[in-house]
Amino acid sequence: KDLQQQVRYYNSLSGYAAENMMDDKQTCEAFIQGITQMQQMFAPKPDSTKDVIIPGKTAPKDSAKK
Numbered sequence: 115k116d117l118q119q120q121v122r123y124y125n126s127l128s129g130y131a132a133e134n135m136m137d138d139k140q141t142c143e144a145f146i147q148g149i150t151q152m153q154q155m156f157a158p159k160p161d162s163t164k165d166v167i168i169p170g171k172t173a174p175k176d177s178a179k180k
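Each position in the sequence shown, counted from 1, maps to that position plus 114 in our numbering.
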């Protein structure tokens, strides 16, 4: 959020102030992009192995004998 606020601030500048802060704005945008990529890379993946049935690994049937 802080980086996004900084970019909005830099976008609101004009003239020499905007030119002087261009490097800072580009740095903030690069940080935002890096954070977004890391969030996508390390986001938990849906567990697709829940419904997989492995042959031979099923529970034995209950028997009526005791």
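Don't be surprised by glycine CBs; every beta carbon is placed ideally from N, CA and C.
- Shown here, Leu117 sits in a helix according to DSSP, grouped into three states.
- Per the coordinates, the alpha-carbon of Leu117 lies some 10 Å from the alpha-carbon of Ala144.
- Taking 7 Å as the cut-off, the beta carbon of Gln120 is found closer than this to the beta carbon of Cys142.
- When the Cα atoms are used, Met152 and Arg122 turn out to be separated by approximately 22 Å.
- Remark: C-beta atoms of Leu127 and Met136 do not approach each other more closely than 7 Å.
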